[in-house]
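The sequence shown begins at 23 in our numbering and counts up by one.
Here is the structure we will look at.
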Amino acid sequence: MKYAHEVLELFQAYPDRSFRVMEVVRYAAGGRCRDPREREAARRAVHRVLAALLRNGTVVVSQPAQTNGGFALYSVSRYRDTEPPKACREA
Numbered sequence: 023m024k025y026a027h028e029v030l031e032l033f034q035a036y037p038d039r040s041f042r043v044m045e046v047v048r049y050a051a052g053g054r055c056r057d058p059r060e061r062e063a064a065r066r067a068v069h070r071v072l073a074a075l076l077r078n079g080t081v082v083v084s085q086p087a088q089t090n091g092g093f094a095l096y097s098v099s100r101y102r103d104t105e106p107p108k109a110c111r112e113a
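Following this line, the structure appears as structure tokens:
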């Protein structure tokens with residue numbers, strides 16, 4: 023997935039912080055989205071990465087109140103390391 027490394031890098035650098043999607047897009051694209059089509063493509067790619075991380079349980083989303091201009095915040099799940107190891111997987 024495009025931008026997966028950058029998204030994970032950002033979340034690992036600031037594990038206690040929540041991010042808006044555009045903050046993640048800006049970081050992942052390196053601030054180089056000058057064209058609206060380029061920015062939209064980067065936003066879609068970052069959205070795919072965030073959706074995969076949500077399905078995996080690595081990232082959680084906090085939904086805003088239902089108001090105009092509201093935005094969701096994405097952050098690292100606090101429970102990502104609390105699951106017991108799977109059986110028969112000793113090192």
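Built from N, CA and C at the ideal position, the CB exists for glycine as well.
Backbone secondary structure at residue i - three-state DSSP
i: Y25; result: coil
i: F93; result: coil
i: T104; result: Confidence in T104 is poor, its pLDDT being 49 and thus under 50, which makes the residue's placement unreliable; the coordinate value appears in the next sentence. T104: coil per DSSP, three-state reduction.
Option in the options with minimal Cα separation from residue i
i: V43; options: A94, Q88, V98, S99; result: A94
i: Y49; options: A35, V82, P86; result: A35
Whole-Å CB distance - residue i paired with residue j, under 8 Å assumed
i: T80; j: S97; result: 10 Å between Cβ atoms; not a contact.
i: A73; j: K24; result: Going by Cβ atoms, the distance from A73 to K24 rounds to 14 Å, so no, they are not a contact pair.
i: A26; j: V71; result: 5 Å
Cβ shell of residue i (< 8 Å), same chain only, five flanking positions each side left out
i: R61; result: V47, A51, C55
Span separating the alpha-carbon of residue i from that of residue j
i: D38; j: P58; result: 31 Å
i: V29; j: Q85; result: 20 Å
i: N78; j: H69; result: 14 Å
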